[in-house]
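Below is one structure; the comments refer to it alone.
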Amino acid sequence: MDSECTILKNDCLKGLYRRIVFDAPGIAGRALPGQFVHVRITPMRDRILRRPFSISDADAEAGTLTLVYKIVGHGTEALAQMRPGESCTILGPQGKPYTLPAEGVRPVLVAGGYGAAATYLLAKRSGEKGVLLLGARSDADLILVEEYEKLGFEVRIATNDGSRGHKGFVTELLEEALTPDRKRCFVYGCGPEPMLLALGKRSMELGAEAELSLDQHMCCGVGACFACVVKVRDDASPDRWRYSRSCKEGPVYNAKEVYYG
Ligand SMILES: Cc1cc2nc3c(=O)[nH]c(=O)nc-3n(C[C@H](O)[C@H](O)[C@H](O)COP(=O)(O)OP(=O)(O)OC[C@H]3O[C@@H](n4cnc5c(N)ncnc54)[C@H](O)[C@@H]3O)c2cc1C
Ligand code: FES
630 MDSECTILKN DCLKGLYRRI VFDAPGIAGR ALPGQFVHVR ITPMRDRILR RPFSISDADA
690 EAGTLTLVYK IVGHGTEALA QMRPGESCTI LGPQGKPYTL PAEGVRPVLV AGGYGAAATY
750 LLAKRSGEKG VLLLGARSDA DLILVEEYEK LGFEVRIATN DGSRGHKGFV TELLEEALTP
810 DRKRCFVYGC GPEPMLLALG KRSMELGAEA ELSLDQHMCC GVGACFACVV KVRDDASPDR
870 WRYSRSCKEG PVYNAKEVYY G
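Each residue of the sequence shown is one higher than the one before, counting from 630 in my numbering.
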């Protein structure tokens with residue numbers, strides 16, 4: 630469903646990251662963790678493509694939808710220039726959500742870059758509190774740490790340059806964050822593709838259930854163009870793969886469904 634949504638706030642979160650809040654009651658009431666919206670950025674009307682963003686927060690009562698985005702190119706630059714009172718046309722909520730952890734199951738969130746925005750609604754809606762393993766190039770790229778702590782999540786950090794937390798990849802923190810009984814934890818990932826593929830493989834090696842949000846470049850966002858395909862294992866023969874449209878069958882996939890090549 631397409632809705633015209635008014636911007637209520639569009640502020641700097643940290644560095645190149647912005648947090649935008651829309652008045653979007655039709656979307657906020659239906660949004661589930663892991664889903665995304667496809668935004669037509671109004672000053673870009675000459676460009677036909679929309680831009681996909683994960684739903685970072687949705688308040689059904691207030692009717693608000695929150696996205697956290699990083700300025701990386703034309704679309705996000707134009708979005709950052711927009712002011713409260715202006716509006717965007719938003720399609721959504723789209724895609725397959727994360728599965729919320731069952732009672733007694735510890736959520737282990739693993740996020741890189743804007744991935745921390747994508748797993749935030751999951752942390753908020755989860756009845757069980759757990760841990761966020763947050764990875765970035767350096768301290769300057771870490772976002773939403775205090776917000777997760779306020780939700781009662783422990784935050785463990787890894788940076789490539791060692792400027793904060795463990796020096797190295799965030800996946801190196803995984804084993805220690807899992808419960809000894811692997812049935813008592815569930816891994817959720819969002820971030821750059823190499824990180825997610827490493828996370829999916831490692832979770833399976835360690836015997837933990839995992840879901841990964843595989844965010845591909847998108848065009849239509851509704852399953853019509855095949856721009857967003859990812860390789861998944863073929864049900865008939867697990868050694869073979871088929872293409873899956875991540876905007877429709879994803880973006881969230883169980884780690885066991887993903888084809889690692
Ligand atoms: C399901 C989904 C959820 C997303 N959620 C968020 C989010 O919550 N916050 C956020 O900041 N971004 C998110 N993204 C990425 C976001 O859509 C892109 O950053 C955005 O479309 C870039 O638009 P642009 O016009 O500014 O950049 P462009 O000018 O189109 O491109 C600039 C650079 O960004 C790269 N880029 C474009 N799209 C993607 C993409 N999908 N993944 C990786 N790199 C890309 C391009 O290769 C290029 O290097 C998500 C993407 C998907 C598919
Ligand atoms: S973006 Fe068109 S099929 Fe997914």
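No residue lacks a Cβ here, since even glycine has one placed at the ideal position from N, Cα and C.
Everything numeric in this text was worked out from a predicted model, so none of it was measured.
Shortest alpha-carbon distance to residue i belongs to which of the options?
i, options, result
"residue 637", "694, 821 and 660", "694"
"residue 778", "738, 743 and 798", "738"
"residue 864", "885, 767, 818 and 735", "885"
"residue 651", "720, 766 and 877", "720"
"residue 840", "857, 818, 823 and 803", "818"
"residue 803", "837, 810 and 821", "837"
"residue 873", "733, 867 and 852", "852"
"residue 848", "815, 876, 747 and 822", "876"
"residue 790", "883, 861, 783 and 799", "799"
"residue 679", "718, 648, 661 and 662", "718"
"residue 729", "664, 878, 708 and 845", "664"
"residue 824", "812, 740 and 866", "740"
"residue 689", "766, 786, 630 and 661", "661"
"residue 856", "681, 809 and 630", "681"
"residue 893", "833, 850, 883 and 813", "The question about residue 893 has no answer, for the chain in this structure spans 630 to 890."
"residue 692", "635, 786 and 812", "635"
"residue 685", "822, 753 and 883", "753"
"residue 820", "782, 797 and 745", "745"
By the DSSP assignment, the beta strand (DSSP E) with residue i in it spans what residues?
i, result
"residue 691", "Taken as a continuous stretch (DSSP letters only), residue 691 belongs to no beta strand (DSSP E), as it is neither H nor E."
"residue 723", "716-723"
"residue 816", "814-819"
"residue 862", "858-862"
"residue 882", "881-883"
"residue 741", "735-741"
"residue 646", "646-652"
"residue 669", "665-669"
Measure the beta-carbon distance from residue i to residue j and round it to whole angstroms, keeping in mind my assumption that it falls under 8 Å.
i, j, result
"residue 793", "residue 771", "7 Å"
"residue 716", "residue 671", "7 Å"
"residue 724", "residue 880", "5 Å"
"residue 806", "residue 835", "Their Cβ separation, rounded to whole angstroms, is 10 Å, which puts residue 806 and residue 835 out of contact at 8 Å."
"residue 697", "residue 727", "Not confirmed; about 17 Å, so no contact."
"residue 722", "residue 759", "Actually they are not in contact, since the Cβ atoms of residue 722 and residue 759 sit about 24 Å apart, beyond 8 Å."
"residue 747", "residue 842", "6 Å"
"residue 861", "residue 871", "6 Å"
"residue 813", "residue 714", "Going by Cβ atoms, the distance from residue 813 to residue 714 rounds to 48 Å, so no, they are not a contact pair."
Roughly how many angstroms separate the alpha carbons of residue i and residue j, rounded to a whole number?
i, j, result
"residue 854", "residue 659", "25 Å"
"residue 639", "residue 666", "17 Å"
"residue 706", "residue 632", "22 Å"
"residue 827", "residue 889", "9 Å"
"residue 656", "residue 869", "37 Å"
"residue 617", "residue 699", "Residue 617 falls outside the range modelled here, since the chain spans only 630 to 890, and no answer is possible."
"residue 644", "residue 703", "17 Å"
"residue 731", "residue 831", "22 Å"
"residue 653", "residue 768", "33 Å"
"residue 859", "residue 846", "10 Å"
"residue 801", "residue 710", "38 Å"
"residue 780", "residue 866", "42 Å"
"residue 648", "residue 756", "25 Å"
"residue 808", "residue 883", "19 Å"
"residue 708", "residue 810", "45 Å"
"residue 822", "residue 829", "10 Å"
"residue 642", "residue 784", "18 Å"
"residue 646", "residue 833", "32 Å"
"residue 815", "residue 630", "31 Å"
"residue 766", "residue 844", "19 Å"
Taking the alpha helix (DSSP H) that residue i falls in, what are its first and last residues?
i, result
"residue 846", "No alpha helix (DSSP H) holds residue 846; DSSP gives it neither H nor E."
"residue 636", "Residue 636 -> not in any alpha helix (DSSP H); beta strand (DSSP E) instead, spanning 631-643."
"residue 681", "Note, residue 681: premise wrong, no alpha helix (DSSP H); beta strand (DSSP E) at 680-683."
"residue 873", "Taken as a continuous stretch (DSSP letters only), residue 873 belongs to no alpha helix (DSSP H), being part of the beta strand (DSSP E) at 870-874."
"residue 727", "Run containing residue 727: none; DSSP gives neither H nor E here."
"residue 831", "822-834"
"residue 706", "703-710"
"residue 750", "749-754"
### Query
Which runs of the beta strand (DSSP E) fall wholly inside the region 759-816 and span at least 3 residues, in chain order?
Every beta strand (DSSP E) stretch that sits fully inside the region 759-816 and reaches 3 residues is listed by chain position as 760-765 and 783-788.
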